[in-house]
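Participant:
Right, here's the structure in full:
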């Protein structure tokens with residue numbers, strides 16, 4: 107499995123040691139779990155954003171009718187001048 111060396115300040119390292127001790131786990135496992143959780147959160151946000159874009163595209167006409175002042179056409183009208 108590939109590895110990654112990560113540098114921490116003395117304070118961060120001491121905090122990691124304390125947290126790992128409190129949780130009864132190794133520092134390596136603690137850092138790996140934190141990274142894995144951040145990766146999962148990032149993927150979920152990307153998937154949510156993509157789902158929103160699909161939903162918005164599928165209902166663009168409804169949004170345009172409901173919010174006519176927010177339509178890009180108002181902005182593009184100034185481009186022709």
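In the numbering used here, the protein residues as written are 107 to 187.
All residues carry an ideal CB built from backbone N, CA and C; glycine is no exception.
Keep in mind that this is a model prediction, so the values were computed, not measured.
1) Beta-carbon separation of residue 162 and residue 173 under 8 Å?
2) So, residue 136 versus residue 126, is the Cβ gap smaller than 8 Å?
3) Just the Cα atoms here: how many angstroms apart are residue 175 and residue 166?
4) Sorted by chain position, which residues of the same chain lie with C-beta nearer than 8 Å to residue 129's C-beta, five sequence neighbours on each side aside?
5) Assuming contact is defined by CB atoms lying nearer than 8 Å, are residue 133 and residue 123 in contact in what I supplied?
6) Tell me whether residue 113 counts as near the ligand PLP, meaning its Cβ is closer than 7 Å to at least one heavy atom of that ligand.
Facilitator: Once the coordinates are examined:
1) no
2) yes
3) 14 Å
4) 136
5) yes
6) Absence of the ligand PLP from the depicted structure is noted, as is the absence of any ligand whatsoever, leaving it without description.
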